[in-house]
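Asker: Residue numbers (the working numbering): 7 to 322.
#1: Would the region 227–239 and the region 82–100 be scored as touching if the rule is three or more Cβ pairs under 8 Å?
#2: Taking 6 Å as the limit between beta carbons, can you name the residues of its chain near residue 281, skipping five residues before and five after?
#3: In whole angstroms, what is the alpha-carbon distance linking residue 187 and residue 130?
#4: Does the beta-carbon distance from residue 246 to residue 275 come in below 9 Å?
#5: At what residues does the beta strand (DSSP E) containing residue 283 begin and finish?
#6: Taking residue 49 and residue 109 to be in contact with their CB atoms under 8 Å, please state how far apart those CB atoms are, rounded to whole angstroms.
#7: Short of 8 Å in beta carbon distance, which residues of its chain neighbour residue 124, apart from the five on each side in sequence? Order them along the chain.
#8: Would you say residue 292 and residue 278 are within 9 Å of each other, going by their C-beta atoms?
#9: Pair every Cβ in the region 64–74 with every Cβ in the region 293–303, then say whether three or more of these pairs are closer than 8 Å.
#10: Where does residue 315 fall in DSSP's three states?
#11: Just reading off the alpha helix (DSSP H) that residue 77 is part of, what are its end residues?
#12: What's the call for residue 31, buried or exposed, on a 16-neighbour Cβ count within 10 Å?
#13: Quick check on DSSP: helix, strand or coil for residue 296?
#14: If you measure between the beta carbons of residue 112 and residue 208, is that distance less than 9 Å?
#15: Can you check DSSP and say which residues form a bridge with residue 266?
#16: Taking buried to mean at least 16 other C-beta atoms within 10 Å of its own C-beta, is residue 316 buried or exposed?
#17: Return helix, strand or coil for residue 206, following the three-state DSSP convention.
#18: Between which two residues does the alpha helix (DSSP H) harbouring residue 102 extend?
#19: Quick one: Cα of residue 265 to Cα of residue 29, how far?
#20: So the alpha helix (DSSP H) residue 244 belongs to, where does it begin and stop?
#21: Could you say which of 15, 268, 70 and 154 lies nearest to residue 238 if we only look at CA atoms?
#22: Measure the C-alpha to C-alpha separation of residue 198 and residue 157 and round it to an integer number of angstroms.
#23: Do the region 15–26 and the region 99–107 meet, that is, are 3 or more Cβ pairs less than 8 Å apart?
#24: In or out: residue 240 buried (at least 16 other Cβ within 10 Å) or exposed?
#25: Can you tell me whether residue 258 is helix, strand or coil according to DSSP?
#26: Under three-state DSSP, which class holds residue 237?
#27: Name the one or two DSSP bridge partners that residue 139 has.
#28: So what does DSSP say about residue 186, is it helix, strand or coil?
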C-alpha cells in the first residue's frame, strides 16, 4: 500500500486536477438538471461525470505505469496507461450514447424546462472552470514537449504540440476542449429556447455534445490502441539516429527502433563500427552513446549492439 501511494504522487497532475474539477461540475449540473429539467443540462452533466471517471482512471493508470519492472513483468508497466485509457473511453462511449439518445428523444418530444437563470449560472461557472483546466493542460503539453509560452500563446502552442504530449495529458486536453465547447453550445441552446420558444434547440445541443464526445472516444481509442501495441516515435527515431551518427567512430546504423511504452521510450540500435576496434574501445563508444541517448526526454531504456562496417550505407 505504501508503494501504491508513492506511485500516485508521480501520476499525471492535469488528469487528477481535471477529475476533481469535473466531479464538482458534474454534481453542480446534476442539481441544476433536477431543478430545471433542462435537457442540454442533462447532456452536460453526463459529459462532466464521464470526463471525471475517465480522468480518475487515467491518473491512476499513469501513476501505476511508472512502477519498476519485476521478475514477472521484466518489460515494465509503461503501456498500462494506454490500457487504462482504452478502458476509460468505454465509459465515455456509453455516456455519449445516452446523451445522443436523450437529445433525439427531446427533439421528437420537446418538454418544458424552467429556471433559466439557474441553468445559465451553472453552465457559466462550468465553462470558466473547464477553461481553467484546459489552460493548465495546455501548459502541461508545453512542459512535456519542451516549449515555452505565456498568455494566449499557451493555447496555440498547446494545439500545435499536442501530438507529442503524453497520452494522459493529451486525453485531458481533448476532453476539456470538448467540455468547454459543449458548455458554450448548451448556453446558446438555452438562450435560443428562452427567446424563441424553440424547445428542440436543447435536444439539438444534446445531440451535438454527444457526437463531440464520440469524437474524443474515437481519437483516444485509436491513439492508445497504437500505444498498447507499441508504436514507433518516428521524430525521436530520426533525432536519436542523428545523435548516434554524430560519433566519429560510428560508420553506419543497420537498425534503430524507438518504441513508445506509455509515457516512456525504449531505444534499440544496431550500429556499425570499424572491425579493428578493441572491445575496450567499443565499450567506451557504447557508454558514450548511451549517456547521450538517456539524456533525451522520455528515454528510459537503451540497448546498443555493434557490428562490423559492411562498407555500404544502410541508414538514410
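Note that CB positions come from ideal geometry on N, CA and C, so glycine has one too.
Answerer: Taking the structure as given:
#1: yes
#2: Stepping through the chain shown from its first residue, residue 281 is reached at position 275. Cβ within range, chain order: 314.
#3: For the purposes of this step, residue 187 is taken as residue 181 along the chain shown, with counting starting at 1. For the purposes of this step, residue 130 is taken as residue 124 along the chain shown, with counting starting at 1. The alpha-carbon atoms of residue 187 and residue 130 are separated by roughly 12 Å.
#4: The residue given as residue 246 occupies position 240 in the chain shown. The residue given as residue 275 occupies position 269 in the chain shown. Contact: yes.
#5: Here residue 283 is taken as the residue at index 277 of the chain shown, counted from 1. Looking at the DSSP string, residue 283 is not in any beta strand (DSSP E), and its letter there is neither H nor E.
#6: Counted from its first residue, the chain shown places residue 49 at position 43. Counted from its first residue, the chain shown places residue 109 at position 103. About 6 Å separates the two Cβ atoms, so the contact holds.
#7: Here residue 124 is taken as the residue at index 118 of the chain shown, counted from 1. Answer for residue 124: 38, 41 and 42, listed in chain order.
#8: Here the question's residue 292 lines up with position 286 in the chain shown. Here the question's residue 278 lines up with position 272 in the chain shown. No, the pair does not count as a contact, with Cβ atoms beyond the cut-off.
#9: no
#10: The sequence position of residue 315 within the chain shown is 309, counting from 1. Here residue 315 sits in coil by DSSP.
#11: Working through the chain shown from its first residue, we reach residue 77 at position 71. Run containing residue 77: none; DSSP gives neither H nor E here.
#12: Counting from one through the chain shown, the residue named residue 31 turns up at place 25. Residue 31 is buried by the Cβ-count criterion.
#13: The sequence position of residue 296 within the chain shown is 290, counting from 1. In the structure shown, residue 296 sits in a helix (DSSP, three-state: H, G or I).
#14: Within the chain shown, the letter at position 106 stands for residue 112. Within the chain shown, the letter at position 202 stands for residue 208. Result yes, Cβ atoms of residue 112 and residue 208 sit closer than 9 Å.
#15: Here residue 266 refers to the residue found at position 260 of the chain shown. Residue 266 is bridged to 271.
#16: Here residue 316 refers to the residue found at position 310 of the chain shown. The residue in question, residue 316, is exposed, as its Cβ has fewer than 16 Cβ neighbours within 10 Å.
#17: The sequence position of residue 206 within the chain shown is 200, counting from 1. Three-state DSSP puts residue 206 in a helix.
#18: What you label residue 102 is simply residue 96 of the chain shown in a count that begins at 1. Judged by DSSP secondary structure, residue 102 falls within the alpha helix (DSSP H) whose first and last residues are 86–114.
#19: Counting from one through the chain shown, the residue named residue 265 turns up at place 259. Counting from one through the chain shown, the residue named residue 29 turns up at place 23. So the two alpha carbons sit approximately 35 Å from each other.
#20: Along the chain shown, one-based indexing puts residue 244 at 238. Counting along the chain, residue 244 sits inside the alpha helix (DSSP H) bounded by residues 240–251.
#21: On the chain shown, position 232 is the one that residue 238 refers to. The candidate whose alpha carbon is nearest that of residue 238 is 268.
#22: Position 192 of the chain shown holds residue 198. Position 151 of the chain shown holds residue 157. Roughly 32 Å between the two C-alpha positions.
#23: no
#24: Stepping through the chain shown from its first residue, residue 240 is reached at position 234. Exposed, because fewer than 16 other Cβ atoms sit within 10 Å of the Cβ of residue 240.
#25: For the purposes of this step, residue 258 is taken as the residue at position 252 of the chain shown. In this structure, residue 258 counts as strand in the three-state DSSP scheme.
#26: In the chain shown, counting from the first residue as 1, residue 237 sits at position 231. DSSP places residue 237 in the coil class of the three-state scheme, outside both helix and strand.
#27: Locating residue 139 in the chain shown gives position 133, counting from the first residue. Beta-bridge annotation (DSSP): residue 139 is not paired with any residue.
#28: Along the chain shown, one-based indexing puts residue 186 at 180. Correct three-state label for residue 186: helix.
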